[in-house]
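**Q** Sharing a structure here in structure tokens format.
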């Protein structure tokens, strides 16, 4: 194999990073792969837009067919984003026996199984390391390094936007709105931040991770999703007083033959390695049966980090091509597994309430929890200045989720309770 | 390929873990590799010692030849430790065209290049993921996932014993001696802890990491090593007052065509992800040119974690055998590079002194630093109860190491200085 030809779909931030690495590290990459790597065509929306890297303008095209149907092109790198068009292009590339690398989490979370099956059928590779947690090599770690172990659980901070917002709220005392504006100003959040702040983006990544870690097909619809729009500065402060940090985490867990995947704002003990993952960084914390607890930390997005992940996939594809084993490494989900019933989910919970500041009101709360069989681990109470009310924070011991929610509803209706909310608590 | 036969050298903790995983996960491993995996022979010192896993006693032998010279055995897993015998056995196995997996860092740090060359010559695989940081898949990450990037620097907490001791000293106020005894009681430290506490073990791992990250042959003799035996509880307390945590870290850095590898107790800013790596855990913090900063965290030793790493190597070897590409993935150091001159090393430094509590003594210190052109970032002073003396802690700005050391020697001789010591400080 003397030469490998690449077609690139999309030339935004990550595309620029890939072209930059291909140019800058050409000598090392060619020494390593033993072949010439040629970037033959790049599909762009606008050929005349100024570019941050040097590229021959004749290699740019606005016609997808020039990339997808060129028989000389061996590998397609899809970095255009979006679902429908990307899906059609990748399918067409696979049908033309081209190997595919994508960073498209939306696509892989929704149509990953179909595309992987199509790739396998065509003896093509389909790699997507960059689709989860940017520069962190988590997919390759799950499939290669932890292959002999049985993964039980993963907790991921897999959305940089929300982690940035919560970090700013925690450390600089910003309100949610101010922190969001700051994230938007720095390019960490989109003009329409819905899919990030509502947790959908994180849910997609947890679907991809679960698929690989457990060989189980998980549907996005099976993920219980709560975003961060209801997290306030006060929630963060009172969680802090009890020794916890609030993070938007994805939790994916297999237990007694059932799987549970959820994304929600969660309290982590301050000493937990995930609690110190700040700003736009990502991390995935993995519980293996034999391995124990490991964590993989790094930048969750950005030109350089994401391009390094795309390039690691490119090197894998070239190696597989040289060995004649493309398509052999594709993991298709092997086991079906039902979603854990909510009535079987257990957790600790953090409850924040305002109660009337009158004799006996606090014991009304504790009596209720006692009646319901929920025991309390931590309590904090302080008066609210200028009001006849008190701020109460409670962390329960581990309890059944359905039982907890029932008790919470009863509690909200107590006449001494002015308002109340709760979050899940993760153990250390 | 229907069957793969394995010979195991050594049946201690990690060997037990490997046999346990081979037994427990047999079905999954065989489904994944498409072949039967047979553990044919295990070299032991004593055939009659009770074992923690079920094994047919007829597979145990005290005669190395029965393992190394058996033509049916394809893969040797070396878990016996030590250097000389292990070296001879591995060489013999490679000459018999057997693939080798080892967890032996002492051996790989000293004779890695020779053994790798021998393996390549024989078209054999030689993998050693478990030799660095137990269960953390750092070697595979460096060679596969970060392959397209250029690594500039690594900081590793790669010795669990010393990290455990320093954690206990930090959080439970134990003296060095008490923390060491506790580590020994829990099996985290050997009866003779020298190679751990003096930093040699960490240095060996940094040699292996540097080799892979930069393709540079680093000799153990080139590593500047300082252990933790001089770190006191007071050093930890006063570093803490200035916002730092003391860890034994290995630092390996390439800069301007020169390499610098050192192991020494170092102050890390409290917010640094490495600062919260506690107890016997390990972590490697990697600075990539395009990737930025990533960290890999997990258990640095133990039966399960180390066995998972050995098994990941086993799966790689079996895959390579099936593809007929054994020996192709071996990295031999490609570039020679000289060691950075000490006169070019720059760093921040933490100085702890006791000075006479008399007028002008503090300004004698600051005048000296000013004369020497060293500026100070942080200062802390408090009286020492019951003595006419003060405790002073200083963190300098970044400065030349040789200049700093010269100034430190002058400072120690000032008549107001009762005693003084210093440590290196790592930036956040």
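Chains as they are written, first to last, in UniProt numbering: chain A, 1 to 428; chain B, 1 to 428.
Cβ coordinates follow ideal geometry from the N, Cα and C atoms, glycine included.
(1) Hey, residue 156 of chain A and residue 203 of chain A are a contact pair by Cβ (cut 8 Å); roughly how many whole angstroms apart?
(2) Taking the alpha carbon of residue 34 of chain B as the reference point, which residue from B:248, B:121, B:319 and B:269 has its own alpha carbon closest?
(3) Using the Cβ count rule (16 or more neighbours within 10 Å means buried), how would you classify residue 99 of chain A?
(4) Out of curiosity, what's the CA-to-CA distance linking residue 97 of chain B and residue 228 of chain A?
(5) Given this structure, state the Cα-to-Cα distance separating residue 370 of chain B from residue 267 of chain B, to the nearest angstrom.
(6) Taking only beta carbons into account, state which residues of the segment 318-338 of chain A come closer than 7 Å to chain B, listed in chain order.
(7) By a C-beta neighbour count over all protein chains shown, 10 Å radius and 16 as the cutoff for buried, is residue 426 of chain A buried or exposed?
(8) Is residue 151 of chain B buried or exposed, if buried means 16 or more other CB atoms sit within 10 Å of its CB?
(9) So, do the segment 291-305 of chain B and the segment 13-21 of chain B have three or more beta carbon pairs nearer to each other than 8 Å?
(10) Would you mind reading off the limits of the beta strand (DSSP E) that contains residue 297 of chain A?
(11) Compare the beta carbon distance of residue 216 of chain B and residue 259 of chain B with 8 Å and say whether it is the shorter of the two.
(12) Listed from N- to C-terminal order along the chain, which residues in the segment 301-316 of chain B have their beta-carbon within a distance smaller than 9 Å of any beta-carbon of chain A?
(13) Do residue 61 of chain B and residue 78 of chain B count as a contact pair if the criterion is CB distance below 8 Å?
(14) Report buried or exposed for residue 45 of chain A, applying the criterion of at least 16 other Cβ atoms within 10 angstroms of its Cβ.
(15) I'd like to know whether the C-beta of residue 427 of chain B is nearer than 8 Å to at least one C-beta of chain A.
(16) Using the Cα positions of residue 246 of chain B and residue 263 of chain B, report the straight-line distance between them to the nearest angstrom.
(17) Short of 8 Å in beta carbon distance, which residues of its chain neighbour residue 174 of chain A, apart from the five on each side in sequence? Order them along the chain.
(18) In chain B, which residues lie with their C-beta within 7 Å of the C-beta of residue 135 of chain A?
(19) Spatial neighbours of residue 220 of chain B within its chain, please: CB distance less than 7 Å, with the 5 preceding and 5 following residues excluded, ordered by chain position.
(20) What residues from chain B crowd round residue 287 of chain A, counting only those whose CB sits closer than 7 Å?
(21) At a cut of 8 Å, does the segment 117-132 of chain A reach the segment 341-350 of chain A through at least three beta carbon pairs?
(22) Since residue 173 of chain A sits in a beta bridge, which residues does DSSP pair it with?
(23) Which same chain residues, not among the five before or five after residue 338 of chain B, have their C-beta less than 6 Å away from its C-beta?
(24) Quick one: which unbroken alpha helix (DSSP H) runs of 4-plus residues sit fully inside the segment 212-261 of chain B? Chain order, please.
(25) Whose C-alpha, out of B:76, B:161 and B:154, is nearest the C-alpha of residue 195 of chain B?
(26) Given a threshold of 16 other Cβ atoms within 10 Å of its Cβ, counted over all protein chains shown, does residue 411 of chain B qualify as buried or as exposed?
(27) In the DSSP assignment, find the alpha helix (DSSP H) that holds residue 408 of chain A and state where it starts and stops.
(28) Could you name the residues that DSSP lists as bridge partners for residue 99 of chain A?
(29) Do residue 112 of chain A and residue 300 of chain A have their CB atoms nearer than 8 Å?
(30) For the segment 104-141 of chain B, list the alpha helix (DSSP H) runs that are entirely contained and at least 4 residues long, ordered along the chain.
(31) Report the rounded CA-to-CA distance for residue 293 of chain A versus residue 64 of chain A, giving the unit in angstroms.
(32) Listed in chain order, which residues of the segment 8-19 of chain B have Cβ atoms closer than 8 Å to some Cβ of chain A?
(33) Under 9 Å Cβ-Cβ, which residues of chain A neighbour residue 161 of chain B?
(34) Looking only at its chain, what residues have a beta carbon closer than 8 Å to the beta carbon of residue 290 of chain B, apart from the 5 residues adjacent to it on each side?
(35) Decide if residue 191 of chain A is buried, meaning its Cβ has at least 16 other Cβ atoms within 10 Å, or exposed.
(36) Do we get a CB-CB distance below 8 Å when we pair residue 113 of chain B with the residues of chain A?
**A** From the atom records:
(1) Taking the first chain and counting its residues from 1, one reaches residue 156 of chain A at position 156. Taking the first chain and counting its residues from 1, one reaches residue 203 of chain A at position 203. Their Cβ separation, rounded to whole angstroms, is 11 Å, which puts residue 156 of chain A and residue 203 of chain A out of contact at 8 Å.
(2) Locating residue 34 of chain B in the second chain gives position 34, where the first residue counts as 1. For residue 34 of chain B, the nearest C-alpha among the options comes from B:319.
(3) Position 99 of the first chain, counted from the first residue, corresponds to residue 99 of chain A. The residue in question, residue 99 of chain A, is buried, as its Cβ has 16 or more Cβ neighbours within 10 Å.
(4) Numbered from 1 along the second chain, position 97 holds the residue referred to as residue 97 of chain B. Numbered from 1 along the first chain, position 228 holds the residue referred to as residue 228 of chain A. Annotation: residue 97 of chain B to residue 228 of chain A spans about 58 Å, alpha carbon to alpha carbon.
(5) If you number the second chain from 1, residue 370 of chain B lands on position 370. If you number the second chain from 1, residue 267 of chain B lands on position 267. Cα to Cα, the separation comes out at about 23 Å.
(6) Going along the segment 318-338 of chain A in chain order, one finds 323 and 325 with a Cβ nearer than 7 Å to chain B.
(7) The residue you call residue 426 of chain A lines up with position 426 of the first chain. Looking at its Cβ environment, which holds 16 or more other Cβ atoms inside 10 Å, residue 426 of chain A is buried.
(8) On the second chain, position 151 is the one that residue 151 of chain B refers to. Burial call: buried.
(9) The segment 291-305 of chain B, when compared against the segment 13-21 of chain B, does touch it at the 8 Å Cβ threshold.
(10) One-based indexing of the first chain puts residue 297 of chain A at position 297. For residue 297 of chain A, the uninterrupted beta strand (DSSP E) run begins and ends at 292-299, by DSSP.
(11) Here residue 216 of chain B corresponds to residue number 216 of the second chain, with the count starting at 1. Here residue 259 of chain B corresponds to residue number 259 of the second chain, with the count starting at 1. With respect to the 8 Å criterion, residue 216 of chain B and residue 259 of chain B are classified as neighbours on the basis of their beta carbons.
(12) Cβ contacts with chain A come from 302, 303, 304, 305, 307, 308, 309, 310, 311, 312, 314, 315 and 316.
(13) Stepping through the second chain from its first residue, residue 78 of chain B is reached at position 78. Stepping through the second chain from its first residue, residue 61 of chain B is reached at position 61. The answer is no: Cβ separation not under 8 Å.
(14) Within the first chain, the letter at position 45 stands for residue 45 of chain A. Exposed, because fewer than 16 other Cβ atoms sit within 10 Å of the Cβ of residue 45 of chain A.
(15) Translated into positions along the second chain, residue 427 of chain B becomes position 427. Residue-level contact check: residue 427 of chain B does not touch chain A, since none of the beta carbons of chain A fall below 8 Å from its beta carbon.
(16) The count along the second chain starts at 1 and reaches residue 246 of chain B at position 246. The count along the second chain starts at 1 and reaches residue 263 of chain B at position 263. It is roughly 13 Å from the alpha-carbon of residue 246 of chain B to the alpha-carbon of residue 263 of chain B.
(17) Position 174 of the first chain holds residue 174 of chain A. Leaving aside the five residues that flank residue 174 of chain A on each side, the residues in its chain whose CB is nearer than 8 Å to its CB run, in chain order, 168, 182 and 233.
(18) By one-based count along the first chain, residue 135 of chain A stands at place 135. For residue 135 of chain A, the chain B residues whose Cβ falls inside 7 Å of its Cβ are 291, 292 and 294, in order along the chain.
(19) Numbered from its first residue, the second chain carries residue 220 of chain B at position 220. So the list reads 109, 110, 203, 204 and 207, once near-sequence residues are dropped.
(20) Here residue 287 of chain A refers to the residue found at position 287 of the first chain. Those do not exist, as residue 287 of chain A stays about 11 Å from chain B at its closest Cβ, beyond 7 Å.
(21) Fewer than three beta-carbon pairs drawn from the segment 117-132 of chain A and the segment 341-350 of chain A are found closer than 8 Å, and the two stretches are therefore not classed as touching.
(22) As a position in the first chain, residue 173 of chain A is number 173, starting the count at 1. Beta-bridge pairing links residue 173 of chain A to no other residue.
(23) On the second chain, residue 338 of chain B is found 338 positions in, with the first residue counted as 1. Once the five neighbours on either side are set aside, the close Cβ partners of residue 338 of chain B are 258.
(24) You should have 233-241.
(25) The sequence position of residue 195 of chain B within the second chain is 195, counting from 1. Closest by alpha carbon: B:161.
(26) Position 411 of the second chain, counted from the first residue, corresponds to residue 411 of chain B. With 16 or more Cβ atoms within 10 Å of its Cβ, residue 411 of chain B is classed as buried.
(27) Numbered from its first residue, the first chain carries residue 408 of chain A at position 408. For residue 408 of chain A, the enclosing alpha helix (DSSP H) covers residues 401-413.
(28) Taking the first residue of the first chain as 1, we reach residue 99 of chain A at position 99. Partner(s): A:75.
(29) For the purposes of this step, residue 112 of chain A is taken as residue 112 along the first chain, with counting starting at 1. For the purposes of this step, residue 300 of chain A is taken as residue 300 along the first chain, with counting starting at 1. Contact flag unset, no.
(30) With a minimum length of 4 residues, the continuous alpha helix (DSSP H) runs that stay inside the segment 104-141 of chain B are 105-121.
(31) Along the first chain, read from residue 1 onward, the residue named residue 293 of chain A stands at position 293. Along the first chain, read from residue 1 onward, the residue named residue 64 of chain A stands at position 64. For residue 293 of chain A and residue 64 of chain A, the distance between alpha carbons rounds to 45 Å.
(32) Here the close residues are 17.
(33) Residue mapping note: residue 161 of chain B aligns to position 161 of the second chain, counting from 1. Simply none; closest approach about 17 Å.
(34) Stepping through the second chain from its first residue, residue 290 of chain B is reached at position 290. Cβ within range, chain order: 148, 149 and 150.
(35) Walking along the first chain from the start, residue 191 of chain A turns up at place 191. Label assigned to residue 191 of chain A: exposed.
(36) On the second chain, residue 113 of chain B is found 113 positions in, with the first residue counted as 1. Judged by the 8 Å Cβ criterion, residue 113 of chain B is not in contact with chain A.
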